[in-house]
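Taking my numbering, I'd label the letters of the sequence shown as residues 390 to 1242.
Every residue, glycine too, gets a C-beta built ideally from N, C-alpha and C.
Quick caveat, the model's predicted, so the values are computed rather than measured.
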Amino acid sequence: MQFKKNRAILSAIVATAMASSTLLSVTASAAGTRTKAEKYGDETYAQRFMSLYDDVYTQGKANGYLSKDGVPYHSVEELICEAPDYGHETTSEAMSYIVWIAAMHDNIVKKGIVDGASGSDLADAWKTLEALIPSADQQQGFFTVSQKGLSAQVSAEHPDDIGLYPSTGGESNVGKNPLGKTFASAYSSEGREYLLHWLADVDDWYGFGGSARGEKGNLTFINTFQRGDQESCFETIPHPAIETLEYGAEGKGMKFAFQESTAKSWSYTNAPDAEDRAIQAVYAANRWGVGNASVSSKAGMMGDFCRNDMYDKYYKKIGCQSMQADSDGGGDQGKHYLMAWYTAWGGAQDGTWAWQIGCSHAHQFYQNPLAAFGLLYDKDLSAGMKAEGAKKDYETSLKRQIEFYLWLSSKEGPFAGGATNCWMGDYSAYPSGVSTFYDMAYIEQPVYADPGSNNWTGNQYWATQRLAELYYILCTDPTAEAACADIKPGGVSVKEALKIVLDKWIKFFTSETKINDGFYEVPSSLKWSGQPENWNNKYTENTGLSASTAGWQHTDLGCVCSCANTFIYYAKANGASNIDAKGRVTDSDDLAEHALFLAQQLMDQTWDAARDDIGLSLVDHNGSLARFWAQDVDTDGKGGRYPYYEISDGSKFIDLRQMYKDEGQSYSELYKELEAAYKADVAAGAKMVEFKDTGKTYSYGMDCATDCSAFTNVASVDLLYHRFWHAGDIMMSLGTMAELYPEAKPESKKPVPDTTTTTTTTSTSTTSTTKDTTTTGDIDDILYGDVNCDKVVDVKDAVYLARNVGGDSTAVLTAQGEKNADVAKNNKIDPNDLSKLLRFLARLIPNSDLGKA
390 MQFKKNRAIL SAIVATAMAS STLLSVTASA AGTRTKAEKY GDETYAQRFM SLYDDVYTQG
450 KANGYLSKDG VPYHSVEELI CEAPDYGHET TSEAMSYIVW IAAMHDNIVK KGIVDGASGS
510 DLADAWKTLE ALIPSADQQQ GFFTVSQKGL SAQVSAEHPD DIGLYPSTGG ESNVGKNPLG
570 KTFASAYSSE GREYLLHWLA DVDDWYGFGG SARGEKGNLT FINTFQRGDQ ESCFETIPHP
630 AIETLEYGAE GKGMKFAFQE STAKSWSYTN APDAEDRAIQ AVYAANRWGV GNASVSSKAG
690 MMGDFCRNDM YDKYYKKIGC QSMQADSDGG GDQGKHYLMA WYTAWGGAQD GTWAWQIGCS
750 HAHQFYQNPL AAFGLLYDKD LSAGMKAEGA KKDYETSLKR QIEFYLWLSS KEGPFAGGAT
810 NCWMGDYSAY PSGVSTFYDM AYIEQPVYAD PGSNNWTGNQ YWATQRLAEL YYILCTDPTA
870 EAACADIKPG GVSVKEALKI VLDKWIKFFT SETKINDGFY EVPSSLKWSG QPENWNNKYT
930 ENTGLSASTA GWQHTDLGCV CSCANTFIYY AKANGASNID AKGRVTDSDD LAEHALFLAQ
990 QLMDQTWDAA RDDIGLSLVD HNGSLARFWA QDVDTDGKGG RYPYYEISDG SKFIDLRQMY
1050 KDEGQSYSEL YKELEAAYKA DVAAGAKMVE FKDTGKTYSY GMDCATDCSA FTNVASVDLL
1110 YHRFWHAGDI MMSLGTMAEL YPEAKPESKK PVPDTTTTTT TTSTSTTSTT KDTTTTGDID
1170 DILYGDVNCD KVVDVKDAVY LARNVGGDST AVLTAQGEKN ADVAKNNKID PNDLSKLLRF
1230 LARLIPNSDL GKA
């Protein structure tokens, strides 16, 4: 692991520095820790794609990315909690990535640009993806009931308090799905909703599928999030998607905390950004000439079913602002035409009843105009949409999605959160002054508030990559531009609309990306203020909507490379052609050239820093893991039985996941380390602060993140993750560079780990011989960490600072050096500065932390 090697090396440096003031022999690691030969080499971007693809897909079972059945895990490592609460769950997101990378693999193989590369994986990848589409038997009776009509009782959401669940509705107030009969008729031979359920327990870790504790079983559909905006991933109650009433509370099964009564039933939920990513991948495969007719037909059918995501939750009229508004499925009045957060559907195990709902909330990053474009204008995809009205719906949706981005484009460039048709979760009247988009109300943090859903920049990179790829298609393919000539988002062409939002977005993120001699950072989080102007069918500058960078990072590798992918498509669309990174200035007036330069730097430096024997990874830290032990789950005063243990009122996150305590598991030692760190923090007085404990006034759509900053010991535990989606985004950036700039070559690597440098120090003439051992002189701009003032922050600075702090009278700091050395910002030079500099050099903290208290 990169950080452990560096940390050990730097500790040795300090010891040596303390012992000798004249001769230091130091070993500096500036490259990743890979010891294996690259299967296909790494001298071109295509080779790097194929070598990483070999690690992750071809050898994925051996390297821990894939299950015995070839299903991608969320991460190789098991102890993790973000959206999945266990690393060996899988998501529809991961399934979409397996199709995307397979399409790029087949493209590179077809081009013949990598020696020894062969095979066609797209069809197999799609077959793997279908493991997350419940079978007709697992959707018992759904299409039969659909022929008669699907309905669901209207019940309120409670965005301000998960303790207000369960929520019940009245039998007379029901939402009726207007599409059920249409799909049941068009796809009677399919016999099921052809959508991905978003989450599954791949090896049956929880035991809902009947496996013995500690043994690997079969993939089991599960659900988690059920209780509104405030329900974080640490507060969910995992439960099976197929409810048999075998577990949980008597008569209520595993849904005891969010339903008053439960029958033997099944229920599934999709997350349409995953379906759309898979469709985007198939569209790309078709453009590259490596498509598969059967896969295209199925992807088209999937896109057709995604029309269920274009509706309000209970099919109420957009802008109704009343819980009692008509929900009789009156057709288009309940469509917002955006890709909402989900559609959910379910029914009785005996097939006697079924239901379906849409979603009232739309987030900017769930939109995918590229997928909509492919479904409309790729003949193989469009032919797969059999249900009536598909073309008309997607023409409207394509226009509406792009207008959504025009509306949410902040004055700086990043995209703001989204919109809702259901204010406060109960269709309350919109507050005076709230901005609207086609009668939907603006919301800063749609759907989830702990933490806020639109602060993390991964949402920006994912969303904008699709926009940039579509923009590239329209800029380079006249037939594509002509095909959508009649669609005028905001009164302009699709290409013009994309240029408007992309120019601002690219300018912001290129200016906020940091590149510095082997160290890189991209924005990790954003801060928001204001709101967009009311949408009046044309673009405005949104001078009242502002975004700024709240933090930077270099370890979230999927985000780094998704950002690079976006830069590449934008650069090519705008004619950037200078692919010699050394020949380009780092701060260019040519935005496209600058974006291309930064993309290459981000990709190359990520590869050099993070490449290891199974993929790419850098050490990270997460103080919020204290919530394993600190977080109450709130079971509504009830208890129940899980397959392996009982839970009761007052249970914590870990009480619902007691398998994390098991000995002999891959995560056992990490669990013990985190638990010990948590106990040390608690002993020191650390407390978790939830929003309800802050005294702040709640406002719908605000960020209500729980504060775990006091858990410094937990935050210091080193975490190393190989997430499947990270690998996917890294591969797609490599493949995109190979596709659009085949002549581009990665820059040469940094020195390998065993390079030895000998540094000789001598006394320096000074104008001051005080105990502070500083020299006088003019002070330039501060470069924190540059102790020896050679304009570079490297291991020599740590050596020199160690000697100075250790009392070596020959290790004199100049006045400039003293300013640069105060990296802990405590107005003195002491071991705190040395410790912080060492942490930076070991890649444990970003350079933006230098010079901060």
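Backbone CA spacing between residue i and residue j [nearest angstrom]
i: Gly1243; j: Asp715; result: As displayed, the chain neither begins before 390 nor continues past 1242, which places residue 1243 out of reach and without an answer.
i: Asp458; j: Tyr442; result: 18 Å
i: Tyr486; j: Ala667; result: 7 Å
i: Gly1174; j: Lys450; result: 43 Å
i: Met1216; j: Leu1226; result: Per the sequence shown, residue 1216 should be read as Asn rather than Met. Going by the C-alpha atoms only, they are around 15 Å apart.
i: Asp590; j: Phe531; result: 23 Å
i: Lys500; j: Glu1058; result: 46 Å
i: Phe1100; j: Cys470; result: 17 Å
i: Gly680; j: Gln542; result: 42 Å
i: Asn967; j: Leu985; result: 8 Å
i: Arg602; j: Thr625; result: 21 Å
i: Asp698; j: Gln942; result: 33 Å
i: Leu1239; j: Asp1009; result: 17 Å
i: Trp515; j: Ser817; result: 42 Å
i: Ser524; j: His586; result: 11 Å
i: Val890; j: Ala1187; result: 44 Å
i: Tyr1189; j: Asn905; result: 21 Å
i: Ala733; j: Arg1046; result: 25 Å
i: Gln834; j: Thr938; result: 16 Å
i: Asp1266; j: Asp1092; result: Lying before the first or after the last residue shown, residue 1266 is absent from the chain, which here runs from 390 to 1242.
i: Ala772; j: Tyr434; result: 35 Å
Residues bridged to residue i (per DSSP)
i: Pro629; result: Ile611
i: Pro912; result: Trp941
i: Phe826; result: Met829
i: Ile341; result: Only positions 390 to 1242 of the chain appear in this structure, which leaves residue 341 out of reach.
i: Pro1131; result: DSSP output for Pro1131 lists no bridge partner at all.
i: Thr479; result: Ala589
i: Asp1021; result: Lys1041
i: Gln542; result: Val563
i: Ala808; result: Ala751 and Tyr831
i: Glu519; result: According to DSSP, which records beta bridges pairwise, Glu519 is partnered with nothing at all.
i: Leu765; result: BP columns for Leu765 are empty, so no partner.
i: Glu1035; result: Arg1030
i: Gly642; result: Ala638
i: Pro461; result: Leu455
i: Ser574; result: According to DSSP, which records beta bridges pairwise, Ser574 is partnered with nothing at all.
i: Val1078; result: Asp1096
i: Ile904; result: Tyr909
Burial state of residue i (16 or more Cβ within 10 Å)
i: Asn923; result: exposed
i: Gly1090; result: buried
i: Asp593; result: buried
i: Asn1209; result: buried
i: Thr424; result: exposed
i: Ser1322; result: Residue 1322 is absent from the structure shown; the chain starts at 390 and stops at 1242.
i: Lys565; result: buried
i: Phe1229; result: buried
i: Ser951; result: buried
i: Gln990; result: buried
i: Gly880; result: exposed
i: Ala1065; result: exposed
i: Ser654; result: buried
Determine contact between the segment 613-626 and the segment 541-548, defined as no fewer than three beta-carbon pairs at a distance below 8 Å. yes
Runs of beta strand (DSSP E) lying entirely within the segment 1088-1135, each at least 3 residues, in chain order: none
Would you be able to state if there are at least three C-beta pairs under 8 Å between the segment 633-648 and the segment 867-881? no
Mind the definition here: the segment 811-830 touches the segment 906-916 only if three or more C-beta pairs lie below 8 Å; say whether that holds. no
Mind pulling the alpha helix (DSSP H) runs of 4 or more residues that sit fully within the segment 660-738? 661-677 and 682-694
Do the segment 1010-1022 and the segment 1121-1131 make contact, defined as three or more Cβ pairs closer than 8 Å? no
Do the segment 923-933 and the segment 955-962 make contact, defined as three or more Cβ pairs closer than 8 Å? no
With a threshold of 8 Å, are at least 3 pairs of Cβ atoms found where one atom belongs to the segment 870-881 and the other to the segment 784-791? yes
Pairing CB atoms from the segment 801-810 with CB atoms from the segment 574-586, are three or more of them under 8 Å? no
contact_flag[the segment 570-577, the segment 741-760] where n(CB pairs < 8 Å) is 3 or more: no
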